[in-house]
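Sequence order for the protein chains is A and B.
The first sequence begins at 0 in numbering that gives the first Met the number 0 and counts up by one.
The second sequence begins at 0 in numbering that gives the first Met the number 0 and counts up by one.
To start, the structure itself, in structure tokens.
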Amino acid sequence: MKLGVLFSGGKDSAFACHMAMQHEEVACLISIISENDHSYMFHTPNVNLSSLQAEAAGIPQILVDTPGEEEIELEDLKRGIEEAVDRFGIGGIVTGAVMSVYQAARIQRICHDLDICCFSPLWYTNQEDYMQKIISSGFKVIIAGVFSYPFDERWLGREINREMIDELKILSEKYSITLSGEGGEYESFVLDAPFFSKRIVIDESESFCRNYNGRFIIKKAHLEDK
Amino acid sequence: MILVIDLCWKEDSLSKPEFVGPIADIVKSSGEQFRIVHHLSKDLKVGDEFNGIILCGTALKDNEFRKNKHLFSIIKEIKLPVMGICAGMQAVALAYGAKLAESYETGMNGIRIIKEDEVLGEKRTIQAYKLHGMRIVPGEEFIVLAESDKGLEAVRHSVMPVWGVLFHPEVRNEWVVRNFINYCSR
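Set out below in structure tokens:
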């Protein structure tokens with residue numbers, strides 16, 4: 000079955016894409032560029048760089064702009080999926096939803112309306128196993144945004160590695176946060192993945208953070224052979 | 000040991016981690032052993048090592064399991080406790096000759112538990128995650144345990160230790176699976 004992956008450039012959509020490629024054919028990535036930094040539906044930090052990731056993976060990409068207004072953004076998402084059906088003949092969508100009923104139910108509804116399948120291979124996955132798999136599968140992921148206590152500027156741009164997972168485990172027990180950042184505690188950006196033929200190298204970046212709300216903005220990056 | 004039956008359209012499908020994995024995780028975290036077997040596998044046999052069976056859900060558009068008559072005869076012939084989740088509830092219904100009707104629903108919604116029971120507990124209203132395109136039509140074989148404004152949400156067979164839940168307990172209602180495992184361990 001040909002599939003389209005809802006791709007934000009963060010670890011969840013990239014890992015879902017990796018899983019989908021092991022089972023079916025990923026025909027395209029669909030990325031939603033939201034003007035709303037606080038969208039309930041769509042991951043936003045550095046999503047404009049998802050095109051560089053698509054190029055690194057060698058997978059065609061459909062870009063959809065949305066003002067990011069609640070519920071209206073779903074019409075824009077539907078438009079993007081319809082385009083993927085028309086252009087690539089996809090029979091289903093892959094999402095990186097882990098625990099968000101809000102996201103999953105809405106994407107399921109769109110797929111039902113369009114009579115296509117919906118797959119969320121990370122749905123209610125074991126958080127620790129998943130985080131370990133990100134590393135062991137060869138992903139290189141950095142923290143691209145922090146949005147809640149106790150995540151401060153020191154986290155921005157840090158690579159997710161075993162030490163970080165140990166630290167996250169301690170924090171998750173202390174502050175009831177999810178290990179994978181599913182509660183919106185942090186967002187991530189994928190620099191390398193097993194299905195990338197090139198890796199992303201950051202040339203210029205800046206980060207800002209205030210009151211446990213910060214972003215790591217990649218201003219310039221290029222692809223390098225692996 | 001719990002036999003977890005994968006009802007997805009093929010073995011090792013992309014739907015398996017979504018519908019079977021979370022159920023297996025709940026069984027595992029309950030301290031119970033389990034084995035996952037696909038409904039079309041030649042290994043689908045109910046040996047003495049099992050003390051209960053869970054039939055998992057599958058994707059909204061996936062109705063392949065409804066063609067598997069062998070599965071229905073297994074469900075009907077075994078004497079072990081069975082819990083069917085969503086598609087699994089449909090399989091249980093079909094095994095006992097009940098009918099299905101189209102009924103699409105997705106998202107969190109309230110369901111009313113109207114009959115106290117070992118698996119669903121006392122009478123009350125709970126929020127549950129729905130993802131289904133069909134629901135079963137009440138028949139005399141089943142006792143209704145829970146309902147919503149849309150219809151039947153959970154049933155138990157009138158004689159056999161067989162349950163069906165239309166909602167997905169792996170989302171925020173893991174206790175339903177744990178109660179079933181406790182029942183199986185008795």
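Built from N, CA and C at the ideal position, the CB exists for glycine as well.
Every value quoted in this text rests on a predicted model; they were computed, and no experiment measured them.
Close Cβ partners of residue i (< 8 Å) along its chain, the five nearest in sequence each way excluded
i	result
A/GLU34	ASP64, THR65, PRO66 and GLY67
A/LEU170	PRO149 and ILE176
B/TYR182	GLY51, PRO80, GLU117, VAL118 and PRO160
A/ASN160	ILE134
B/GLU10	HIS37, LEU39 and SER40
B/GLY87	ILE4, LEU6, ILE53, LEU54, CYS55, GLY56 and GLY163
A/GLY46	At residue 46 of chain A the sequence reads Val, which differs from the Gly that was named. Cβ within range, chain order: SER7, GLY8, SER30, ILE31, ILE32 and SER33.
A/LEU113	LYS77, ILE80, GLU81 and VAL84
A/GLY57	SER196
Distance CB(residue i)-CB(residue j) smaller than 8 Å
i	j	result
B/ILE142	B/ARG155	yes
A/TYR211	A/SER147	yes
A/GLU152	A/SER206	yes
B/PHE64	B/LEU151	no
A/TYR123	A/MET163	no
A/ILE31	A/GLY79	yes
A/GLY90	A/ILE115	yes
A/LEU121	A/ALA104	no
B/LEU39	B/ASN62	no
A/PHE138	A/ALA192	yes
A/PHE6	A/SER49	yes
A/VAL25	A/LEU2	yes
B/PRO21	B/GLU169	yes
A/PHE55	A/PHE215	Sequence check: residue 55 of chain A is Ala here, not Phe. No, these two residues do not count as a Cβ contact at 8 Å.
A/GLY8	A/VAL200	no
B/GLN89	B/ILE35	no
B/ALA127	B/ASN178	no
A/ALA15	A/VAL93	yes
B/TYR95	B/LYS75	yes
A/SER119	A/HIS17	no
Whole-number beta carbon distance between residue j and residue i, since they are thought to touch under 8 Å
i	j	result
B/CYS55	B/ILE84	6 Å
B/SER29	B/ILE125	Going by Cβ atoms, the distance from B/SER29 to B/ILE125 rounds to 20 Å, so no, they are not a contact pair.
A/GLN60	A/CYS27	7 Å
B/GLY106	B/ILE112	Going by Cβ atoms, the distance from B/GLY106 to B/ILE112 rounds to 19 Å, so no, they are not a contact pair.
B/ILE110	B/SER147	5 Å
A/GLN107	B/LEU130	6 Å
B/GLY132	B/LEU59	5 Å
Close-in-space but distant-in-sequence residues of the same chain around residue i (CB under 7 Å, 5 per side omitted)
i	result
B/PHE33	MET0, ILE1, VAL3, ALA23, VAL26 and LYS27
A/LYS219	ASP202 and GLU203
A/ILE109	LEU73, LEU76, LYS77 and ILE80
A/ASP224	LYS197
A/LYS132	none
A/GLN126	THR177, LEU178 and SER179
Counterpart residues of residue i in DSSP-defined beta bridges
i	result
A/ASN35	Paired residues: none, contrary to the question.
B/GLU101	B/MET133
B/ILE107	The amino acid occupying residue 107 of chain B in the given sequence is Met; Ile does not appear at that position. In DSSP, B/MET107 forms a bridge with B/TYR128.
A/GLY144	A/GLU186 and A/ARG214
B/HIS37	B/ASP5
A/VAL200	A/HIS221
B/HIS156	B/PHE141
A/ILE61	A/ILE29
B/TRP162	B/MET82 and B/ARG155
A/LEU178	The partner list for A/LEU178 (beta bridge, DSSP) is empty, contrary to what the question assumes.
A/GLU205	A/ILE216
A/GLY67	In DSSP, A/GLY67 forms no bridge with anything.
A/CYS117	A/ILE92
A/LEU5	A/ILE29
B/SER147	B/GLY150
B/GLU31	Answer by DSSP bridge pairing: none, since B/GLU31 is not bridged.
B/LEU54	B/ILE4 and B/GLY83
A/GLU158	A/ILE141
B/ASP116	B/GLY120
A/ASP85	In the DSSP output, where bridge partners are listed per residue, A/ASP85 has none listed.
A/GLU24	A/LYS1
A/ASP191	A/LYS139
Cβ-based neighbour list, residue i, same chain, cut-off 6 Å, excluding 5 preceding and 5 following
i	result
A/LEU167	LEU178
B/PHE18	CYS55, GLY56 and THR57
B/GLU31	ILE1 and ILE180
B/LYS114	LEU144
A/GLU23	MET0 and LEU2
B/TRP8	ASP61 and GLU63
Quiz item: With contact counted as at least three CB pairs below 8 Å, one residue from each stretch, are the segment 141 to 160 of chain A and the segment 177 to 190 of chain A in contact?
Solution: Three or more Cβ pairs closer than 8 Å define a contact, and the segment 141 to 160 of chain A meets that threshold against the segment 177 to 190 of chain A.
Exercise. Flag this pair as touching only if the segment 64 to 77 of chain B and the segment 102 to 110 of chain B have three or more C-beta atom pairs under 8 Å; answer yes or no.
Key: Taking a contact to require three or more Cβ pairs closer than 8 Å, the segment 64 to 77 of chain B and the segment 102 to 110 of chain B do not qualify as touching.
Exercise. Report yes or no: do three or more beta-carbon pairs, one from the segment 132 to 142 of chain B and one from the segment 153 to 168 of chain B, lie closer than 8 Å?
Key: Taking 8 Å as the limit for Cβ pairs, the verdict is that the segment 153 to 168 of chain B does touch the segment 132 to 142 of chain B.
Quiz item: the segment 110 to 144 of chain A: which residues have C-beta closer than 8 Å to a C-beta of chain D, in chain order?
Solution: The chain inventory of the structure shown lacks chain D, comprising the protein chains A and B.
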